[in-house]
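Trainee: My questions will all concern the structure given below.
Number of protein chains: 2
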Amino acid sequence: MVKKIINNPKNFVDEMISGLLRAYPNKLRTVNEDPREVVRVDAPIDGKVAIATGGGSGHLPVFKGYVGEGLCDGVAIGDVFQSPSAEQMANVTKEIAGGEGVLYLYGNYGGDVMNFDMAAEMVEMDGIEVETVLVKDDVASAPKGEEENRRGIAGLFYGYKIAGAAADKGYDLKQTAKTTRKALDNIRSMGVALSPCRLPEAKKPTFEIEEDEMEIGMGIHGEPGIKREKLKSADEVTKRMLEKILEDGPYKSGDEVSVLINSLGATPKEELYIVYRKVWEILNDRDIEIYNKYIGEYATSLEMKGMSITLFKLNEEFKKLLKAPACSPFFVQE
Amino acid sequence: MVKKIINNPKNFVDEMISGLLRAYPNKLRTVNEDPREVVRVDAPIDGKVAIATGGGSGHLPVFKGYVGEGLCDGVAIGDVFQSPSAEQMANVTKEIAGGEGVLYLYGNYGGDVMNFDMAAEMVEMDGIEVETVLVKDDVASAPKGEEENRRGIAGLFYGYKIAGAAADKGYDLKQTAKTTRKALDNIRSMGVALSPCRLPEAKKPTFEIEEDEMEIGMGIHGEPGIKREKLKSADEVTKRMLEKILEDGPYKSGDEVSVLINSLGATPKEELYIVYRKVWEILNDRDIEIYNKYIGEYATSLEMKGMSITLFKLNEEFKKLLKAPACSPFFVQE
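Chains as they are written, first to last, in numbering that gives the first Met the number 0: chain A, 0 to 333; chain B, 0 to 333.
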């Protein structure tokens, strides 16, 4: 059993959103009083491409935590690990559209893709142009050559950061989509899970794992990874994951990268820094320079123990977009 | 067993610090190449009261996470849940002293008090004036009337914020100490634990707790709380803790407060917002206004599941100090 500080499990998502709206009334508001449709309080921003995202709950700060300046304009919120409806996505889209079109930016999961595609058709009738960019950063979720089938995990954060900054800088819809796609082509992630999470309404955890085991490559909903094996040292796990990322992606000596060390929920910050230490060493040995880093909770899976590593190969444009101002209740770019 | 992403447990603290220093070379540096003595990279700041803190590891962002602008100037870092040495504290003190004296600000734990007091005597010989302020915000750790015996928990965060801002604004040592003490008189916290943590070198968790139990008032090292009982709903737990805080402290109708909802390490952010929702309701019912709030990990206990609630009754001076700029690798005041 995984213990939780909750009330009736059926109200988990709505009560959480209620807390969020009470905490940030000057930053977030609902659409049509539906707590599952949340937008920036100042939406729509005229003359700017709007960024919409969405997906299941249980991944804070993904997705709703990235609604804010320099990030997303609105989010459709599903039940835990469930897609929101096409109608909710369409409502959010209409609310944030500022005349320059809307970018749909979210993780590559079947239900979300279906519903966002339907929403795009729905809002087309209102004359709102939509471009879609899917985040597919998890190298463990499908082999090289089958990138189209990969899942989106912590790389979502970089997607929001780049798209949001591009939109703020006045890129048009096509340019914003193109730039974000290009950024994502340079982004790879991989995760490891040590313990499962439990859905609020479930009696059992999302998966079983032995007391001395870990699963490398496991997804943020407990999707199977590459290999289940005996728990290894932080250095070994880090090395294995980072090497897989380095093999798969465009990273080479002389490159500059941004590094994201992400907790899946229950991992102490202390352990994330032990991982970062090893990532730094390996990249240093390969003459890959760390331009900046993010260490903490960026895409979680309720109380899952584990972490993911993400690399983002930068160019001058991406560096500017990465350092551009951004501010949501869960993320501030210093 | 609680699984960890670590290497040799003996190296847990030093590897974590090594990661931290590699992540923030422009913000933090060591003293005498001792990784357990960490200061702001620009220390000492001439003409400003310096703030020193310290204590055991395993509580990130407490203590080392609050070294930065508008917060602490230096920290002495112990092993997990162990005090650093008096000599380390003295070295940090000498490194950060900017001619206006040094404030020792830390949690009320025996080993830390003994070592900081010894350090104060050691640096006195170098002509450095020291004032000490102990954080004792945990209402569950001793009854009313015995406040001197209370432990320091998440209220540490507010202590750093107020003291750091006061020092930045040019308060002298006596004023900084007096203002911080007055702030702490208006601060009360209480925690609840649902699951234990495990020390890196230990085979067993810090305590045992049944699958359907919680312990209200448990400390951040697993110190006994007020009562162990069956796990209750988030609303009931929140109500119980907040009422105890409200009874104990100076909070009354018409007051303005700052609220801190703190995860002890493994609690999903979603649950913290469910708690905040209820805190908002109760305070609203009592006509106590929430001036601002902090929701996240501010003082943890490795991977302990649970949370604490802290209230800080504000006046105009405290509001200014709370909103003053602050920036460390783990905390940015927006």
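Heads up, the beta-carbon is just placed ideally off N, CA and C, and yes, glycines get one too.
Source: prediction; values computed, not measured.
#1: If distances are taken between C-alpha atoms only, which option among B:I273, B:H58, B:E86 comes closest to B:N31?
#2: Say whether the segment 324-331 of chain B touches the segment 315-329 of chain A, bearing in mind that this needs 3 or more beta-carbon pairs closer than 8 Å, one atom from each stretch.
#3: Out of A:V134, A:L271, A:I161, state which residue places its alpha-carbon closest to the alpha-carbon of A:T237.
#4: Confirm the yes/no value for this check: CB of A:I281, any heavy atom of the ligand GDP, distance under 6 Å.
#5: Got a sec: is the Cβ-Cβ distance from A:V66 to anything in chain E below 7 Å?
#6: For the segment 178-207 of chain A, which residues have a CB atom closer than 7 Å to at least one CB atom of chain B, in sequence order?
#7: Taking Cβ positions only, does A:P267 come closer than 7 Å to chain B?
#8: Quick one: grab the DSSP three-state call for A:R180.
#9: Would the segment 211-222 of chain A and the segment 158-170 of chain A be scored as touching if the rule is three or more Cβ pairs under 8 Å?
#10: Taking just the CA atoms, how far does A:E14 sit from A:S232?
#11: Using a threshold of 7 Å, state whether the C-beta atoms of B:V274 and B:V258 are closer than that.
#12: Please report the distance separating the alpha-carbon of B:E146 from that of B:V129.
#13: What do you reckon, are the CB atoms on B:G77 and B:V38 nearer than 7 Å?
#14: Buried or exposed for A:A176, please, with buried defined as at least 16 other CB atoms from any protein chain shown within 10 angstroms of its CB.
#15: Starting from A:I308, trace the alpha helix (DSSP H) in both directions and tell me its first and last residue.
#16: Which residues, taken in chain order from the segment 224-255 of chain B, show a beta carbon closer than 7 Å to some beta carbon of chain A?
#17: For the segment 269-281 of chain A, list every residue whose C-beta sits within 7 Å of some C-beta in chain B, in sequence order.
#18: Cβ of A:N90 less than 7 Å from any chain B Cβ?
#19: Taking Cβ to Cβ, would you say A:P8 is nearer than 7 Å to A:E200?
#20: For A:S252, count neighbouring C-beta atoms within 10 Å of its own C-beta (all shown protein chains included) and say buried if the count is 16 or more, exposed if not.
#21: Does any residue of chain A have a CB that is nearer than 7 Å to the CB of B:S342?
#22: How do the segment 297-315 of chain B and the segment 183-193 of chain B stand: do at least 3 beta-carbon pairs fall below 8 Å, yes or no?
#23: Three Cβ pairs or more, each shorter than 8 Å: is that satisfied between the segment 130-138 of chain B and the segment 147-159 of chain B?
#24: In the DSSP assignment, the alpha helix (DSSP H) including B:M88 goes from what residue to what residue?
#25: What are the residues in the segment 17-33 of chain A lying within 7 Å of chain B by C-beta distance?
#26: Which value, in whole angstroms, describes the spacing of the CA atoms of B:D361 and B:A89?
#27: Taking C-alpha atoms, which residue in B:D211, B:K202, B:C71, B:G144 lies nearest to B:D184?
#28: Using DSSP with H/G/I as helix, E/B as strand and the rest coil, what is A:N114?
#29: Run through chain A and tell me which residues come within less than 9 Å of B:L320, C-beta to C-beta.
#30: Going by the CB atoms, is the gap between B:L241 and B:I287 shorter than 7 Å?
#31: Going by other Cβ atoms of all chains shown within 10 Å of its Cβ, with 16 needed for buried, is B:E120 buried or exposed?
#32: Helix, strand or coil for B:D234? Go by DSSP, reduced to three states.
#33: Can you give me the Cβ contacts of B:F156 inside the same chain, cut-off strictly under 6 Å, excluding the 5 residues immediately before and after it?
#34: Is the segment 42-54 of chain A touching the segment 92-102 of chain A in the sense that three or more CB pairs, one from each, lie closer than 8 Å?
#35: Chain B beta carbons: is any one of them nearer than 7 Å to that of A:N107?
#36: At a CB-CB cut-off below 8 Å, which residues of chain B make contact with A:V331?
Mentor: Taking the structure as given:
#1: Here residue 31 of chain B corresponds to residue number 32 of the second sequence, with the count starting at 1. The candidate whose alpha carbon is nearest that of B:N31 is B:E86.
#2: no
#3: The sequence position of residue 237 of chain A within the first sequence is 238, counting from 1. When only C-alpha atoms are compared, the closest one is A:L271.
#4: Only the bare structure without any ligand can be found here, which leaves the ligand GDP out of the picture.
#5: Of the chains in the structure shown, none is chain E; the protein chains are A and B.
#6: L193, S194
#7: Residue 267 of chain A sits at position 268 when you count from the first residue of the first sequence. Output row for A:P267: interface = yes.
#8: Reading the first sequence from its first residue, position 181 is the one you call residue 180 of chain A. Helix.
#9: no
#10: Residue mapping note: residue 232 of chain A aligns to position 233 of the first sequence, counting from 1. Residue mapping note: residue 14 of chain A aligns to position 15 of the first sequence, counting from 1. If I take the Cα positions, the gap works out to 39 Å.
#11: Reading the second sequence from its first residue, position 275 is the one you call residue 274 of chain B. Reading the second sequence from its first residue, position 259 is the one you call residue 258 of chain B. It is not a contact, given that the beta carbons lie outside the stated cut-off.
#12: Position 147 of the second sequence, counted from the start, is the residue given in the question as residue 146 of chain B. Position 130 of the second sequence, counted from the start, is the residue given in the question as residue 129 of chain B. Answer to the nearest angstrom: the Cα atoms are 23 Å apart.
#13: Residue 77 of chain B sits at position 78 when you count from the first residue of the second sequence. Residue 38 of chain B sits at position 39 when you count from the first residue of the second sequence. No; because the gap between Cβ atoms is not below 7 Å, this pair is not in contact.
#14: Counted from its first residue, the first sequence places residue 176 of chain A at position 177. Classification of A:A176: buried, given that the 10 Å Cβ count is 16 or more.
#15: As a working note, residue 308 of chain A is residue 309 in the first sequence. Run containing A:I308: none in the alpha helix (DSSP H); it sits in the beta strand (DSSP E), 304-312.
#16: L230, S232, A233, D234, V236
#17: E269, E270, Y272, I273, V274, Y275, R276, W279
#18: The residue you call residue 90 of chain A lines up with position 91 of the first sequence. Judged by the 7 Å Cβ criterion, A:N90 is not in contact with chain B.
#19: By one-based count along the first sequence, residue 8 of chain A stands at place 9. By one-based count along the first sequence, residue 200 of chain A stands at place 201. Result yes, Cβ atoms of A:P8 and A:E200 sit closer than 7 Å.
#20: Mapped onto the first sequence, residue 252 of chain A falls at position 253. So A:S252 counts as exposed.
#21: Because chain B spans 0 through 333 in this model, residue 342 of chain B falls outside it and cannot be assessed.
#22: yes
#23: yes
#24: As a working mapping, residue 88 of chain B is identified with position 89 in the second sequence. From DSSP, the alpha helix (DSSP H) with B:M88 extends over 85-95.
#25: S17, G18, L19, R21, A22
#26: Residue 361 of chain B lies beyond the residue range present for chain B, which begins at 0 and ends at 333; the question has no answer from this structure.
#27: As a first step, residue 184 of chain B is located in the second sequence; it is residue number 185 there, counting from the start. Taking only the C-alpha atoms, the option nearest B:D184 is B:G144.
#28: Against the first sequence, residue 114 of chain A aligns to sequence position 115. Helix at A:N114.
#29: On the second sequence, position 321 is the one that residue 320 of chain B refers to. By Cβ distance, chain A contributes nothing, its closest Cβ being about 20 Å from B:L320, past 9 Å.
#30: Taking the second sequence and counting its residues from 1, one reaches residue 287 of chain B at position 288. Taking the second sequence and counting its residues from 1, one reaches residue 241 of chain B at position 242. The answer is no: Cβ separation not under 7 Å.
#31: Locating residue 120 of chain B in the second sequence gives position 121, counting from the first residue. The residue is exposed, with fewer than 16 neighbouring Cβ atoms inside 10 Å.
#32: Taking the second sequence and counting its residues from 1, the one referred to as residue 234 of chain B is at position 235. In this structure, B:D234 counts as helix in the three-state DSSP scheme.
#33: In the second sequence, counting from the first residue as 1, residue 156 of chain B sits at position 157. Excluding sequence neighbours, B:F156 sits near Y297.
#34: yes
#35: For the purposes of this step, residue 107 of chain A is taken as the residue at position 108 of the first sequence. Chain B, which has no Cβ nearer than 7 Å to the Cβ of A:N107, makes this no.
#36: Numbered from its first residue, the first sequence carries residue 331 of chain A at position 332. Under the 8 Å cutoff, chain B gives V331, E333.
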